[in-house]
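K.L.:
What follows is a structure written as structure tokens; I'll ask about it next.
Here it is as structure tokens:
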């Protein structure tokens, strides 16, 4: 193994005063804890093999800044960015690079309904191009 890309996750949008603990836990466990467990295992294998490698965590612009009604997702994204920074510092001595990519908003089946809500519309107004990206906007050939 040379490269790990942590790019899976689920979303749940609800206001902080309304979200159920089980929904919060599901997002954090799946997204942040899942990324942590996979990254840690990759790090262990790379260190044991004595080889350099790269771990790429897919974060989001939601990490540094919050969005109303997206509390668990924003918290997980902030955690993902901090986890990336911490692991990068710890594993650099082993030749393991840990980076995060934080793309803008891309329309998916998981988030399409959100962009039709009032908080979603306010968010789109803050995007310089005033539109949400399409999946092809974030791919590299």
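Numbering (our numbering), first residue to last: 1299 to 1439.
We treat Cβ as the ideally placed atom computed from N, Cα and C, and that holds for glycine.
Considering only the beta carbon of each residue, do residue 1399 and residue 1337 sit closer than 8 angstroms?
P.N.:
For residue 1399 and residue 1337, no; Cβs fall outside 8 angstroms.
K.L.:
Quick check: residue 1430 and residue 1404, are their CB atoms within less than 8 angstroms of each other?
P.N.:
yes
K.L.:
Considering residue 1420, what are the terminal residues of the beta strand (DSSP E) in which it resides?
P.N.:
No beta strand (DSSP E) contains residue 1420, which is instead part of the alpha helix (DSSP H) from 1416-1423.
K.L.:
Go through its chain and collect everything with a Cβ distance to residue 1425's Cβ below 8 angstroms, but skip five positions before and after it.
P.N.:
Once the five neighbours on either side are set aside, the close Cβ partners of residue 1425 are 1402, 1403.
K.L.:
Please list, in chain order, all residues of the same chain as residue 1352 whose beta carbon is under 6 angstroms from its beta carbon, the five residues on each side excluded.
P.N.:
1301, 1395
K.L.:
Given a cut-off of 8 angstroms, decide if residue 1355 and residue 1328 are closer than it, judged by their beta-carbon atoms.
P.N.:
Not closer than 8 angstroms, so no.
K.L.:
Among 1332, 1419, 1391, which has the Cα closest to the Cα of residue 1305?
P.N.:
1332
K.L.:
Quick check on DSSP: helix, strand or coil for residue 1351?
P.N.:
Three-state DSSP puts residue 1351 in a strand.
K.L.:
What residue range does the beta strand (DSSP E) around residue 1398 cover?
P.N.:
1394-1399
K.L.:
Out of 1390, 1416, 1378, point me to the one whose CA is closest to residue 1345's CA.
P.N.:
1390
K.L.:
Taking the C-alpha atoms as reference points, what is the distance between residue 1409 and residue 1309?
P.N.:
8 angstroms
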